[in-house]
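See structure below.
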């Protein structure tokens, strides 16, 4: 178990959390504190690129675990808030009054429900995009990893299926190509982790919540004496389109526009499916990593994976925050776990070695 005192939201994603942390810790254990990066990466990269790429890989793995943990936590918060909402409606009915207009507590609870759902989908997308960066670094694909997202992994999968000979892929028929294909095939085998189209619907819902005008939430009383706010079946359509059109034929009921399941169950199911998928992805990442470590010439880490060592001056922000400036209790002192300390020591970011970055 990852924590002795693990909470419910942590226990149900233990598989992915343990896998992600174990692989990240393996990478940290292989860091060269003098030359940065894993010892089997080519010296031709230079220690700066080795540091940037290896640290970004570790951050992506830990960040994926954080995103999944956040999604699991807010899905639990969603269930608790919707349970309280159902109870409030039941109580109003017993008292012979309408729950509307909502009082101050009801308005707050409704906002918690909406924001919890949106936060959950945000973290789902976050987990996918972060693990995508790890896939690119571990697979040695010659693309700028900072701009990679899950869609780029799907693009590579399509390229492999088409027998593509694009330069950022290893040559067809080579050992490196076989290792890359095995990695991406395992990554995109998400159907095994849930019901049909679970990942596509999840991503479309996340994108719709992020980039599109919101649809009204329907409050539906159920025979189970609860009130639910069901998700739309077609999250990328506008509200009117969803209420009028069906996938193949005219709607026969207003409620056909919705997934008539308890949305708390839907969120919990997505958490479980994503946990299972991430656990499988990490296994594929570890297999690819170990195969490459055993034969470093099979796929040589590319300098095309990181564009600029030093950010351009125009990228710097002048924002200094709000409120009064805080002073550290001890100059230069921070609380840090040993693994991060080793990661930063390898990357030469500590005070005693940072000047190395300014040397040619």
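In UniProt numbering, the protein residues as written are 1 to 360.
C-beta: ideal position from N, C-alpha, C; glycine also.
Classification of residue i by the beta-carbon crowding that lies within 10 angstroms, buried from 16 upward
i           : result
residue 351 : exposed
residue 107 : exposed
residue 241 : exposed
residue 261 : exposed
residue 155 : exposed
residue 205 : buried
residue 65  : buried
residue 87  : exposed
residue 95  : exposed
Residue nearest to residue i in terms of C-alpha spacing, selected from the options
i           : options            : result
residue 211 : 121, 182, 223, 156 : 121
residue 281 : 156, 302, 16, 86   : 16
residue 238 : 48, 209, 193, 272  : 209
residue 243 : 218, 263, 224, 341 : 218
residue 263 : 73, 231, 359, 201  : 231
residue 80  : 226, 247, 329, 296 : 226
residue 194 : 123, 160, 276      : 276
residue 176 : 310, 318, 292, 321 : 292
C-alpha distance - residue i paired with residue j, whole-angstrom precision
i           : j           : result
residue 216 : residue 178 : 48 Å
residue 133 : residue 183 : 13 Å
residue 168 : residue 135 : 14 Å
residue 140 : residue 35  : 19 Å
residue 220 : residue 257 : 13 Å
residue 325 : residue 331 : 15 Å
residue 38  : residue 22  : 16 Å
residue 296 : residue 44  : 13 Å
residue 392 : residue 359 : The structure shown does not extend to residue 392, since the chain is modelled only from 1 through 360, so no value can be given for it.
residue 196 : residue 188 : 14 Å
residue 345 : residue 157 : 36 Å
residue 4   : residue 69  : 16 Å
residue 49  : residue 289 : 18 Å
residue 160 : residue 286 : 20 Å
residue 75  : residue 19  : 22 Å
Presumed contact (8 Å Cβ cut-off) between residue i and residue j, rounded CB distance
i           : j           : result
residue 51  : residue 348 : 7 Å
residue 278 : residue 127 : 7 Å
residue 203 : residue 125 : 7 Å
residue 305 : residue 143 : 7 Å
residue 54  : residue 31  : 6 Å
residue 60  : residue 131 : 7 Å
Test: residue i CB closer than 8 Å to a CB of chain C
i           : result
residue 315 : Absent from the structure is chain C; it holds one protein chain and no more.
Scan the segment 193-253 and note each continuous alpha helix (DSSP H) run of 4 residues or more that stays entirely inside, going in chain order. 198-211, 239-244
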